[in-house]
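Visitor: My questions will all concern the structure given below.
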Amino acid sequence: MLERKPLKGRTQVTFVLPEDTPVGPVSVVGDFNHWNPAAHPLTSRGDGTRAATVALPNHGGHSFRYLAAGDYWFDDEHADAHDGANSRVHT
C-alpha cells in the first residue's frame, strides 16, 4: 500500500506492508535510491504494519520493487501502475 502526503515541491510517499508478509527484513528499492537495498528498509509502525518513507519530486513517476530476505523480489499490488517487472508510483 502507498500513502502520500504533499510537501512543498515534493510528495512524501510511505511504502507500507503487513508486519509479517513476507517474513523477515524487507526494503523498498527503486530508481529514487539507485536500487540500493540498504537505503530504505521497512520498519515496524506498531500497528501491525511496517513502512519506509521517501520524499519524491512532484509530477514524476518512479519504478520500485520490494526486496525481502533470500533475494525475494516482489511488486506492490496497490501500486499506481506496473511496467513489466516493476511497480510504479506517480507523484
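Just so you know, this note's numbering puts 69 at position 38 of the sequence shown, and the rest follows in order with no gaps. Virtual Cβ for every residue (Gly too), placed ideally from N, Cα, C.
1. By the DSSP assignment, the beta strand (DSSP E) with Phe-27 in it spans what residues?
2. Identify, in the order they occur along the chain, each residue of the same chain with its Cβ nearer than 8 Å to the Cβ of Ala-83, setting aside the five sequence neighbours on each side.
3. So, for Lys-122: in the same chain, excluding its five sequence neighbours on each side, which residues have a beta-carbon less than 8 Å away from its beta-carbon?
4. Along the chain, where does the beta strand (DSSP E) containing Leu-38 start, and where does it finish?
5. Whose CA, out of Asn-67, Gly-55 and Gly-61, lies closest to the CA of Val-120?
Guide: Once the coordinates are examined:
1. Lying outside 32 to 122, the shown extent of the chain, residue 27 is not represented and no answer is given.
2. Thr-45, Phe-46, Ser-58, Val-59, His-71, Pro-72, Leu-73 and Thr-74, listed in sequence order.
3. For clarity, residue 122 is Thr in the given sequence; the question names Lys instead. Non-local beta-carbon contacts of Thr-122 in its own chain, meaning distances under 8 Å to residues more than five positions away in sequence, involve Arg-35, Arg-41, Thr-42, Val-44, Leu-87, Pro-88, Asn-89, His-90, Gly-91, Gly-92 and His-93 in chain order.
4. For Leu-38, the enclosing beta strand (DSSP E) begins and ends at 33-38.
5. With distances taken between Cα atoms, Val-120 lies closest to Gly-61.
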